[in-house]
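Protein chains in written order, with the UniProt record's numbering: chain A, 1 to 375; chain B, 1 to 110. We put the CB at the ideal spot given by N, CA and C, even for glycine. Computed from a predicted structure; not experimentally measured. Worksheet for the structure shown next.
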């Protein structure tokens, strides 16, 4: 060893930048592979997509233009029950995973036709192995009797589900710390210096970190970090607003694309999409639209009181699919960024972390390289 | 229910007595009172149970923030009692667990 740690410098096998759902899932997977892992997190001033998302473990329709994305989504959905059980075993936290299927409700025949066509194509592309059904209003009511008369129908996928994303983040963080992981959230990472024996990471506050490998899981923050290790993260924010209603007795046995009921009975309503830069606020106009659609889908929500609302920024690539890539310029640096940190959490903890741990090229992940945006 | 109230009224403004019903029992209160004040005065503790664990609760912050004073008022569930002023004849009941948003079942006519 020729390197000498500067006073205050700390050492880990792997430094993971970003302590959200993506980062913590990979951190657990790397610990499972025997690595000493430090998670460098910006702290609560960060944009925090992992605290604002909707909590769906969603399969239907994902990867309609990229079969490999449909494959990892379904793989993650299959891995989820084991992952949730092991989190509960190690932390005692029940993250309320439920995978009994989900519905995407449509208000017009055109919307329903378009979804049915899209899922039909995916079914064909998967050689017939893609479970879904198109339901008319009567069939929808067999699953959810309360849907409104103006619902045209729904697409149903038995592999869909949902989870409490805040409990998921808490369970992963608790387990990571219990297994000796370190979370350093003293400030935003400013620079990553590639060095002969790995990387030196400097945060705005606190000391430096030295590590053999670095994994970028910083959401929209990856835009500035990726170029420092020879990678590219062309990400843009897309805002979603979420409304939260009072807790009511269970009325909804399945999650839908727009409305779900949590394990505690809370009604959660969402699925707005806006390109408004880095503004994570809420607007009356969009909240009204979200509420209006929810009431058409479920008239019994008419006088349910709203108790909270928030905006959060999705982390979007130009095509909406993840970037999974190892740096060839600076071996040991990895970029992991995606929109579906909840759905893909089990995949990230499992196969993706194993890929990073093995440090070997995986041709099946080439399709997720960022070069696709420049070709 | 205890009939000795710890509430001491300060003569601040003119008011008139109003009769409300707490779990069906008539009680005379002040026209400026809130439903939350009434359940405290009537000793209706707990005045609600929580949706998830069924834990017993009573009015707490009395300023619309904590949601501990949820009550069933005139048949409408999950009302913040501290934000609702009494009316003559008001029916105040415990909020037991989560609210049921299904349409109230029609009672069969006999």
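> Hey, is residue 304 of chain A's beta-carbon within less than 8 Å of any beta-carbon in chain B?
Replying inline: Chain B, which has a Cβ nearer than 8 Å to the Cβ of residue 304 of chain A, makes this yes.
>> I believe residue 29 of chain A touches residue 369 of chain A by the beta-carbon criterion, under 8 Å. Please report the beta-carbon distance rounded to the nearest angstrom.
In response: The pair is not a contact, with the Cβ atoms about 20 Å apart (cut-off 8 Å).
> Using DSSP with H/G/I as helix, E/B as strand and the rest coil, what is residue 67 of chain B?
Replying inline: coil
> Just checking my contact of residue 352 of chain A with residue 324 of chain A at CB under 8 Å: how many whole Å lie between their CB atoms?
Replying inline: Indeed they touch by this definition, with Cβ atoms about 7 Å apart.
> Looking at C-alpha atoms only, which residue of A:246, A:339, A:334 is the closest neighbour of residue 99 of chain B?
Replying inline: A:246
> Do we get a CB-CB distance below 8 Å when we pair residue 163 of chain A with the residues of chain B?
Replying inline: no
>> Check whether chain A comes within 8 Å of residue 101 of chain B, counting only Cβ atoms and requiring the distance to be less than that.
In response: Judged by the 8 Å Cβ criterion, residue 101 of chain B is in contact with chain A.
> Skipping 5 residues on each side, what residues in its chain have a beta carbon closer than 6 Å to that of residue 185 of chain A?
Replying inline: 41, 43
>> Closer than 8 Å is the cut-off here; do at least three beta carbon pairs connect the stretch 110-128 of chain A with the stretch 42-62 of chain A?
In response: yes
> Under a three-way DSSP split, which group does residue 33 of chain A fall into?
Replying inline: coil
> Going by the beta-carbon positions, is the gap between residue 181 of chain A and residue 84 of chain A smaller than 8 Å?
Replying inline: Cβ atoms of residue 181 of chain A and residue 84 of chain A: not closer than 8 Å.
> Quick one: what does DSSP say residue 53 of chain A is sitting in, helix, strand or coil?
Replying inline: coil
> Pick from A:115, A:107, A:166, A:270: whose alpha carbon is nearest that of residue 137 of chain A?
Replying inline: Looking at the Cα atoms, A:107 is the closest of the given residues.
>> Under 8 Å, with one C-beta from each stretch per pair, do the stretch 310-319 of chain A and the stretch 333-342 of chain A reach the 3-pair mark?
In response: yes
>> Quick test of your reading: residue 215 of chain A and residue 16 of chain A, contact by CB under 8 Å. State the CB separation rounded to the nearest angstrom.
In response: 5 Å
> Leaving out five residues before and five after residue 95 of chain B in sequence, what residues of the same chain have Cβ atoms less than 7 Å from its Cβ?
Replying inline: If we look at residue 95 of chain B and ignore the five residues flanking it on each side, its Cβ neighbours are 48, 70, 71, 72, 77, 78.
> Cα-Cα, which of B:93, B:31, B:56, B:83 is closest to residue 39 of chain B?
Replying inline: B:93
> Does the distance from the CB of residue 241 of chain A to the CB of residue 282 of chain A come in under 8 Å?
Replying inline: Yes, they are a contact pair.
> The beta strand (DSSP E) with residue 336 of chain A in it runs from where to where?
Replying inline: Per DSSP, residue 336 of chain A belongs to the beta strand (DSSP E) from 333-337.
> Does the beta-carbon distance from residue 165 of chain A to residue 342 of chain A come in below 8 Å?
Replying inline: Yes, the Cβ-Cβ distance between residue 165 of chain A and residue 342 of chain A is below 8 Å.
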